[in-house]
Structure formats: C-alpha cells, structure tokens
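Protein chains in written order, with our numbering: chain Y, 1 to 424; chain R, 1001 to 1233.
The C-beta atom is built at its ideal place from N, Cα and C for all residues, glycine as well.
Report on the structure given below.
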Amino acid sequence: MIKFLIKGVIRDSTRSKFPIAIVAIGVFFTIFLSAFIGGVLQDAVEVNARFTTGHVKVSTLAFAENSTQAPLDLALLGMDSIKSGLQNEYPKMMWVPRVSFGGLLDVPDENGETKGQGPCTGMAADLLNTENGELERMNINKTIVEGRAPEKRGEALVSEKFAQKMKLKPGDVVTYFGSTMYGSMCFQNFTICGTISFGQQMLDKGGLIIDISDAQQMLDMEDGSTELLGYFEGGQYLDDEAMKIAQEFNARSTDSTDEFSSVMIPLKKQNQLEGLLNTSESMSEIMVGIFVLAMSIVLWNVGLLGGLRRYKEFGVRLALGEAKGKIYRSLLVEATVIGVVGSVFGVILGLAAAIPLQIYGMDVSEMVPSSNMMMPSVYRAAVTPSTVFMGFIPGIIAMVLGQALAGYGIYKRDTARLFKELEV
Amino acid sequence: METIISIKNLTKEFPVGDGAFVALKNINLDFKKGEFAGLVGPSGSGKTTLLNIIGSLDVPTNGTAEIMGKDIAGLSHKEAAQLRNKYVGFIFQEFHLLPVYTVYENVEFALLLQDIPKDERHKAVMEALEWVGLTHKKDAKPSKLSGGESQRVAIARAIVKRPAILLADEPSANLDSANAHNIMQVMVKLNEELDTTFIFSTHDEKVMQYLKRIVHLRDGGLEKDEWIKEATV
Ligand SMILES: Nc1ncnc2c1ncn2[C@@H]1O[C@H](COP(=O)(O)OP(=O)(O)O)[C@@H](O)[C@H]1O
Ligand SMILES: [Mg+2]
Chain Y
1 MIKFLIKGVI
11 RDSTRSKFPI
21 AIVAIGVFFT
31 IFLSAFIGGV
41 LQDAVEVNAR
51 FTTGHVKVST
61 LAFAENSTQA
71 PLDLALLGMD
81 SIKSGLQNEY
91 PKMMWVPRVS
101 FGGLLDVPDE
111 NGETKGQGPC
121 TGMAADLLNT
131 ENGELERMNI
141 NKTIVEGRAP
151 EKRGEALVSE
161 KFAQKMKLKP
171 GDVVTYFGST
181 MYGSMCFQNF
191 TICGTISFGQ
201 QMLDKGGLII
211 DISDAQQMLD
221 MEDGSTELLG
231 YFEGGQYLDD
241 EAMKIAQEFN
251 ARSTDSTDEF
261 SSVMIPLKKQ
271 NQLEGLLNTS
281 ESMSEIMVGI
291 FVLAMSIVLW
301 NVGLLGGLRR
311 YKEFGVRLAL
321 GEAKGKIYRS
331 LLVEATVIGV
341 VGSVFGVILG
351 LAAAIPLQIY
361 GMDVSEMVPS
371 SNMMMPSVYR
381 AAVTPSTVFM
391 GFIPGIIAMV
401 LGQALAGYGI
411 YKRDTARLFK
421 ELEV
Chain R
1001 METIISIKNL
1011 TKEFPVGDGA
1021 FVALKNINLD
1031 FKKGEFAGLV
1041 GPSGSGKTTL
1051 LNIIGSLDVP
1061 TNGTAEIMGK
1071 DIAGLSHKEA
1081 AQLRNKYVGF
1091 IFQEFHLLPV
1101 YTVYENVEFA
1111 LLLQDIPKDE
1121 RHKAVMEALE
1131 WVGLTHKKDA
1141 KPSKLSGGES
1151 QRVAIARAIV
1161 KRPAILLADE
1171 PSANLDSANA
1181 HNIMQVMVKL
1191 NEELDTTFIF
1201 STHDEKVMQY
1211 LKRIVHLRDG
1221 GLEKDEWIKE
1231 ATV
C-alpha cells in the first residue's frame, strides 16, 4: 500500500514537485542561515577570546569594573606568582599576561622632529616566548602585511593603516608617548619590525603590538599586567569549566573590600558575550521555529488545494472500503515521504552553500561599520552535525503538519457527507 | 436462495434548512444472492440514496438495512469500510478511475486494502481484466482509454475482489449505445458465472432490457416491484 501511495506521489507532479520544492527551499534556508549566523557568532566569540577576554580573565577587581577604560593604575601586580599558582592548579590551561594601554605614537624625521602623530591602542603580549602560543593565538604571522613578528626587545608591530598614513615601513623608528601606571610621563622608541592588519576595526586603527617585557618596563609595572588570560587546551571555550574555575579562584582571591584583589571572569560574563553565545546556541532552534511555521502555512494551503483535486480519488477509495481514518493516515504517509525527499534536497543545497562559506568565508571588512565590539571581518558559516539534523526537522514537521491540517476536514466529516461532497 | 440484503421500513431524511427532506419513505425490499436487479425511476426519485445505504456509505434515518446479515446503522466507520471492502463493489456513472495509476494498478488497488499476496493479486487482476477483455491495455493510463474501456476497467476493479454485491449507479449514462450494451453483456456474464448480485440504478432503457427485476421508485417511495420472467435480450 505504501509503495502504491509513493508511486502516486511520484507520478503526480502537482502532488510532489511543488511541496518538495517548498520543503527544499525552507530547509535550505534553515540550514544555511543557522550555519551562517551560528558561524558568525561563534567567530565573534572566538575573536573576543583570542584578543581581549581569554576563556577566563584575571585582573584586579577595580580594573574589571572599569575595564572599558583600561586603567593602567589598576593593573595586577605580583602577576608571576598568580600565574604560576594557576598553572599549578590548572595545568591543562595556558595562562598568558597581556597589557593593554593607550597613548600617542610619534613619527620623527631624520632630525628627530615630529613628522606625524596619532593616537594608538597598544597591546603587549608575551611574544618573545614562543611556547605560550601567543603568536598563533593572535594570528600574527598570518596577518602581517610586511616584515615579521618581534624577535627581540625594542621591536614593534604597527597596524598597516597607521603605517600607510604615516608612510612607515619596517626598519623605521616610532616613539610612544604615554604615562606609566603611576601617572608619570613616559616615552620609548621602537623599531618597526612589521605592519599588521588583523581585520579588526578596533585593533587596526592605531595598533601598536609590543612584547610584554618592553611594556612592563616602559609603563613601570614590573611583574604586572593589566590582564592575565587563561585558555583551555584545544582552544574551545567550555562554559561550565570556566564558571567553575572562576568560582574556585574568586572564593580564594577576591576580597570585595580590596579593589586590588584579583578576580577571575569567564568569557561569557565579558563584553556582553553571554547574549552572543546564547543566541549562537539557539540559532538553529529559532530558524527551525520560523521555517516550520512559515512552511506549514504554505503547505497547509498546498494540501488544501491538492485535497480538492483529489476528492474524486478519496471518494473512490471510500467506496472501495478504505476507512476515512486510513485515507487520512495515508495522506500523512505521503507527506512524510515528500518531507523527507524535500529535506534531502534542502540539506544538500544548504550544505552546498554553507560549506564553501565555511571554508572560504566572506570578507565584510568593507561593509561593517567600525564598532567597539569585536566582530570578525570575515564571515564564515559553521556546519555542525546538528545543523544537518536540524534541517530535517522543519521540512518533515512542516509537511506533515500542513497536510494534517489540510486533511483534517476529511477526517472530521461523516463518511456519507464526505462521499457526496466528493461528488462520486 | 439466500437473502443478502434486507430493507425494512426504511426512511431517509436529509436536513434542509430547519426541516427535513424525505428522500426515501417506508421502503421494504429484499435482494437474494445472484439477483440482477435495477432501481428505476426519474432523476431525484432516491435511487442513489438507496444504493449508498445498501453500500454502507450512508445510514437510514428510520428502519433497518441489513447487508450480509449486518445492520449497517450499528456499524462504526471502520466496520462499514470493512463491509464495503469485503462484500460490495461500486461502479459509477463517471468511471472514476485514478488517473495517476495504470489500468492494472487501478484494478489492483481494490485488493491492496486486503492482505493478499502479490502473486495472488496478480492472478486476480489479470483474470478480472480478462473478463472485461482488457488484458492488452493493462499498462495504459486511464486518459488513453475510451469511455467504454474506462467503464470496463471500473467493472474489473469492482469485481476483482469477488464481492457478493455489485452496485452500479447509472453505469451507462456516459456511454454510447454500443458500449452500453457491451458493458451490460459483460455484467450479465459475470452475474451468471460468479453468481454476484447486481443492483443497478438507471433510467436507461438499454440497461432495463437486461434486468430480471425492476424496482420502480417515485418521489422516494417504492412504486412497483416487477419481476421479469425472461430478460428481453
Ligand atoms: N445530502 C443530501 N442533502 C439533501 N438532499 C439530498 C441529499 N442527497 C440527496 N438529496 C435529495 O434526495 C433526493 C433523491 O436524490 P438521489 O437519491 O440522488 O436521486 P436519484 O439518484 O434517483 O436521482 C433528491 O431530491 C436530492 O436532491
Ligand atoms: Mg442518482
């Protein structure tokens, strides 16, 4: 019987092609959009993790409260002992210090006179020590436009945009002007070893990347850093773990009456990433919900029209001795078949669109307005097994639901009434 | 001969507006196994309504209709469907073949509702097509058939499960004279060979010629129950 029904579905193109096309389109969008939006959000979280938040971040309590201003005077001192303590306790994590600072970058001419000047956003990391993976984490070697990463103290990377504006090239010298963590003036010369373009609006404006030891000396924060970032092995943010570690650490180290006591904050609690993470997780569900609803309505109507066309057939089947409940169920079987076929097409199309977007990405650095939020400038999709699985749900549910609604009239009505209305 | 259809004091009303329209009034009728009978009367006299009740597609308002010993008013949807499936074949004025299926599949469809193994189905379908002389058209789609051929496929579909009762509602209305005679001859033959009870609804003289019993209906009432000794053809 099922074989017989399927034959009918296949041969009657108005019964199959249109609904299959609708299901395929809906599933395509579900898969593609959830992979795309999920991917972008995931990347956004990752970019934040790599550059500013870590998977967990340790700073002073006061710094954490004013983190948007990056106040140097609230830096974490005695950083080395905190770091080795954490390293002992969580040996599977990597702990790296960072210093973020601001100031002016001055470009002198041959005579030492100012040729040009601009504000700079400085970031210092442990770049000379290659074991901690900071170069890879910040993707420095791949994003260098010209030159190379710092190999010794006194070298700096400047952002490509700044370099172009100031006509700088590797080998040139720039002077940093700013203030130490105690508020006194400081300046320091750096030799440019390379120019860099992260693809991050925030870092690419006037970025200065130097080694942490230079920053500590220049800013008068021996054994200090503004932040100590912790990363999980494997680079994947693990929310439960992060929350647990932070709780343990804070129970021991945080003293709410001492603004210089240290506090650990997991990624999720920084930069409003919680919303981003939650959205990313629920993206598939949201997409599925929207498309189930939209497609069901369309398919309901398609089912109604299809039902009208088939009244004669239903009448004959009633007369041949098929119970109306069985006819109704056979409609649902047909719908399931159509839903599966449409979903397979939709999944194939969705993956065909999403996988290239995952591999090659879409460069949107020109389109996205500059913002303080760290967003990836190359949008990528993220295809996961659950994306594929999710794709099947709306197609099949929508088709069966649409058909169930459309066929409900058949189920509800009296056989005699039905038989007459079917104009047999 | 055994009585397989027994109708007693049957009345059928249809709700119309606030009142009711009486389509059949106080009908008393029996049909025995192997009869070749017709309900005859002008349009609107209640022929189709009575056939539908006999076919357990509808139920009486008052009185009883017993089909194969079962009072159809007491049957659930499912039981009524089973009764139709097992004992009743229908033939319609407009053939009502399923357009997406071949001739063979249209006939086979009637058997799919019963759990009959495939090779047995095949045998039964081919035999039914042989009776109506259409084995050579078994792979054709209904759209490629003439009216006469279509009605013969419909007969094969109705007869393939060997029902005890075959109900034919104005089967000749869409056929020319030659085809009308042809299908009637086929049905006479089936009636003789398989002992199937045939009940027609008709106002066509060509059909009436073949009937051995004519039940005259008028305005929902039984006007005359006439037995014909020798069929006129
Ligand atoms: N479902 C219904 N509701 C109301 N009136 C009906 C219904 N079915 C049949 N009738 C009426 O009952 C009468 C008999 O109909 P029918 O049995 O179809 O006649 P026939 O087949 O002899 O032409 C007609 O007047 C018809 O209008
Ligand atoms: Mg009629």
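Check	Outcome
For the beta strand (DSSP E) containing residue 133 of chain Y, list its first residue and its last residue.	Element bounds for residue 133 of chain Y: n/a, residue is neither H nor E.
Under 8 Å Cβ to Cβ from residue 172 of chain Y, same chain only, skipping five residues before and after it: list those, please.	107, 191 and 192
Where DSSP assigns a beta bridge to residue 1216 of chain R, which residues make up the other side?	R:1040 and R:1224
In the region 1026–1071 of chain R, which residue ranges form an unbroken alpha helix (DSSP H) of at least 4 residues, counting only runs that do not cross its ends?	1047–1054
How far does the beta strand (DSSP E) with residue 159 of chain Y in it extend, from its first residue to its last?	155–159
Got a sec, what are the start and stop residues for the beta strand (DSSP E) residue 175 of chain Y sits in?	173–179
Using 10 angstroms around the beta-carbon of residue 1095 of chain R, count the other beta-carbons present and answer buried if the total reaches 16, otherwise exposed.	buried
In terms of DSSP beta bridges, what is residue 95 of chain Y paired with?	Y:230
Which partner residues of residue 195 of chain Y appear in the DSSP bridge assignment?	Y:146 and Y:158
Going by DSSP, what residue range makes up the alpha helix (DSSP H) through residue 278 of chain Y?	273–309
Measure the C-alpha to C-alpha separation of residue 24 of chain Y and residue 339 of chain Y and round it to an integer number of angstroms.	9 Å
Could one say the Cβ of residue 1058 of chain R lies closer than 8 Å to chain Y's Cβ atoms, at least one of them?	yes
Is there a Cβ from chain Y that is less than 8 Å from the Cβ of residue 1063 of chain R?	no
Going by alpha carbons, who is nearest to residue 65 of chain Y out of Y:357, Y:392, Y:262 and Y:353?	Y:262
Using only the heavy atoms of ligand 3, determine whether one of them is closer than 7 Å to the beta carbon of residue 1202 of chain R.	Ligand 3 is not part of this structure, which contains only ligand 1 and ligand 2.
Quick one: what's residue 123 of chain Y bridged to in DSSP?	Y:100 and Y:209
Need the endpoints of the beta strand (DSSP E) that residue 1090 of chain R sits in, please.	1088–1091
Would you check if the distance between the CB atom of residue 207 of chain Y and the CB atom of residue 174 of chain Y is smaller than 8 Å?	no
Using the Cα positions of residue 1090 of chain R and residue 320 of chain Y, report the straight-line distance between them to the nearest angstrom.	7 Å
From the DSSP secondary-structure annotation, give me the bridge partner or partners of residue 187 of chain Y.	Y:177
What do you reckon, are the CB atoms on residue 1049 of chain R and residue 1024 of chain R nearer than 8 Å?	yes
Between residue 320 of chain Y and chain R, is there a C-beta pair that is closer than 8 Å?	yes
Roughly how many angstroms lie between the CA atoms of residue 1175 of chain R and residue 1183 of chain R, to the nearest whole one?	9 Å
Using beta carbons (cut-off 8 Å, strictly below), is residue 371 of chain Y in contact with chain R?	Low per-residue confidence applies at residue 371 of chain Y: pLDDT is 49, beneath 50, and the placement is therefore not dependable, though the value from the model is reported in the following sentence. It does not: the Cβ of residue 371 of chain Y has no partner Cβ on chain R nearer than 8 Å.
In the DSSP output, what is residue 1198 of chain R paired with across the bridge?	R:1036 and R:1166
Along the alpha helix (DSSP H) that carries residue 36 of chain Y, what are the first and last residues, could you check?	13–48
Is residue 1 of chain Y close to chain R? Criterion is C-beta to C-beta, closer than 8 Å.	yes
Across which residues does DSSP place residue 1 of chain Y in a beta bridge pair?	DSSP output for residue 1 of chain Y lists no bridge partner at all.
So with CB distances below 8 Å, who are the chain Y contacts of residue 1055 of chain R?	319
Would you please state the rounded distance, in angstroms, between the beta carbons of residue 1081 of chain R and residue 322 of chain Y? I believe it to be under 8 Å.	6 Å
Could you tell me the distance, in whole angstroms, from the CA atom of residue 1061 of chain R to the CA atom of residue 1013 of chain R?	6 Å
Contact between the region 218–228 of chain Y and the region 64–82 of chain Y: three or more CB pairs below 8 Å?	yes
Return the residues of the region 256–283 of chain Y that lie within a Cβ-Cβ distance of less than 7 Å from chain R, sorted by chain order.	none
If I follow the unbroken alpha helix (DSSP H) through residue 1112 of chain R, where does it start and stop?	1103–1112
If we count the other Cβ atoms within 10 Å of its Cβ and call it buried at 16 or more, is residue 1009 of chain R buried or exposed?	exposed
List the residues of chain R that residue 8 of chain Y touches, going by C-beta distances under 8 Å, in chain order.	1098, 1100 and 1101
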